[in-house]
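Worksheet for the structure shown next.
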């Protein structure tokens, strides 16, 4: 079972392909299925829980 979420409407910054990014919240990683590039997803700590 995978907890990864498809990121619809976003484009990979390396290969410029649309709708190929996946977010893995457990590993805090965004990964492109087209070119294989990955980036860490850093949560925005400035947001308040209202």
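Numbering (this note's numbering), first residue to last: 9 to 58. For every residue, glycine included, the Cβ atom is placed at its ideal position computed from N, Cα and C.
Quick check on the burial criterion: 16 or more other C-beta atoms within 10 angstroms. Buried or exposed for residue i?
i: residue 26; result: exposed
i: residue 43; result: exposed
i: residue 23; result: exposed
Who are the near neighbours of residue i in its chain, counting only those whose CB is closer than 7 angstroms to its CB and skipping five residues on each side?
i: residue 47; result: 38
i: residue 31; result: 12, 13, 15, 38, 49
i: residue 45; result: 20, 22
With a CB to CB cut of under 8 angstroms and the five nearest residues on each side skipped, what residues in its chain are close to residue i?
i: residue 34; result: 11
i: residue 18; result: 26, 27, 29
Quick one: is the Cβ of residue i within less than 8 angstroms of any heavy atom of the ligand COA?
i: residue 30; result: The ligand content of the structure shown is nil, which means the ligand COA is not present either.
Kindly identify the DSSP beta-bridge partner or partners of residue i.
i: residue 61; result: Missing from the structure shown is residue 61; the chain here goes from 9 to 58 and no further.
Does DSSP put residue i in a helix, in a strand, or in coil?
i: residue 46; result: strand
i: residue 40; result: strand
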